[in-house]
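Visitor: Sharing a structure here in structure tokens format.
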Amino acid sequence: MSSSVEPPARALDQRTFDEWPPELRALFDGEALASKIGFTASLITCDAGGHLRTSLLGIGELYAPDATSLAFALWPSSRAARTLGSLARDTLHTTEFGHHGHKRAHAALTFVHEGAFHQVQLEVEPLPLAGSGTNEAGCGLALFIASIDVGEAQRVGYARLTGGIAFELSGPASEQQTVLARWERQIGELRQAADR
Numbered sequence: 001m002s003s004s005v006e007p008p009a010r011a012l013d014q015r016t017f018d019e020w021p022p023e024l025r026a027l028f029d030g031e032a033l034a035s036k037i038g039f040t041a042s043l044i045t046c047d048a049g050g051h052l053r054t055s056l057l058g059i060g061e062l063y064a065p066d067a068t069s070l071a072f073a074l075w076p077s078s079r080a081a082r083t084l085g086s087l088a089r090d091t092l093h094t095t096e097f098g099h100h101g102h103k104r105a106h107a108a109l110t111f112v113h114e115g116a117f118h119q120v121q122l123e124v125e126p127l128p129l130a131g132s133g134t135n136e137a138g139c140g141l142a143l144f145i146a147s148i149d150v151g152e153a154q155r156v157g158y159a160r161l162t163g164g165i166a167f168e169l170s171g172p173a174s175e176q177q178t179v180l181a182r183w184e185r186q187i188g189e190l191r192q193a194a195d196r
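The UniProt record's numbering numbers the first residue of the sequence shown as 1 and each following residue consecutively.
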């Protein structure tokens, strides 16, 4: 005779959230970027043709201005930036108008943090810059703001995720410092645009 109840060690621990838990808010606070080098999140978008596209974002491209939002930066020529920008103008793929007056597109952010797999469903809109009429920042990146629709964190008792997609900066220390300085400028621009 078998039991239909999973033993605690095999059970899936799944938690949902509609605002950043404290540990994730701290991860995306735009501070101490040097200590977060290597963190990578996957931003998944769906283009008008129904194809899923993945963009990898580092900690220097992600900033949570409050408990329910995430600002992020993408290369303007990337498929994700083009998709999110065009879907925000396309009524077939959007929900309501967002805080900044644009229609909102959908995306998902996935990553591993503190032994759990996270997937956050986002409603995204371009983040216009004051007086520019565009969402392309001085750092050369397209800026977006998203609100959390629903987030999930999953882990199991019998195994611990030790990492997801990760990277390390290459080159001499001076080049690594240049990247870190660029990230700090990008976070500054995200912070300034999101806090308007």
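Here a beta-carbon is modelled for each residue, glycine too, at the ideal position from N, C-alpha and C.
Pick out the complete alpha helix (DSSP H) segments inside the region 117 to 168, 4 residues or longer, and give them in chain order.
Guide: Segments of the alpha helix (DSSP H) lying fully in the region 117 to 168: there are none.
Visitor: Taking contact to mean 3 or more Cβ pairs, one atom from each stretch, closer than 8 Å, check whether the region 185 to 195 and the region 34 to 45 are in contact.
Guide: Touching, no, given that fewer than three Cβ pairs across the two stretches are closer than 8 Å.
Visitor: L84 and A105 look like a contact to me (Cβ under 8 Å); what is the Cβ gap, rounded to whole Å?
Guide: 5 Å
Visitor: With distances taken Cα to Cα, identify the nearest neighbour of D47 among P22, S78, L127, F17.
Guide: Nearest C-alpha to D47: S78.
Visitor: For L109, tell me which candidate among G58, T178, G171 has the shortest Cα-Cα distance.
Guide: Checked all of G58, T178, G171; the closest Cα to L109 is G58.
Visitor: Out of A80, R160, Y63, which has the shortest C-alpha to C-alpha gap to A11?
Guide: R160
Visitor: Looking at C-beta atoms only, is the number of pairs between the region 163 to 179 and the region 138 to 150 that lie closer than 8 Å three or more?
Guide: no
Visitor: Using only alpha-carbon positions, find the residue among E152, A80, Q192, R53 that is nearest to E125.
Guide: A80
Visitor: Could you pull out every residue in the same chain whose Cβ sits closer than 7 Å to the Cβ of T95, ignoring the five residues on either side in sequence?
Guide: Because the pLDDT at T95 is just 46, under 50, the model does not fix this residue reliably, and the value given afterwards should be weighed accordingly. The residues are R104, E123.
Visitor: Taking C-beta to C-beta, are A193 and R15 nearer than 8 Å?
Guide: In this structure, R15 does not lie closer than 8 Å to A193 by Cβ.
Visitor: Go to A194, then tell me how far its beta strand (DSSP E) extends in each direction, as first and last residue.
Guide: Segment 173 to 194 is the alpha helix (DSSP H) holding A194; no beta strand (DSSP E) there.
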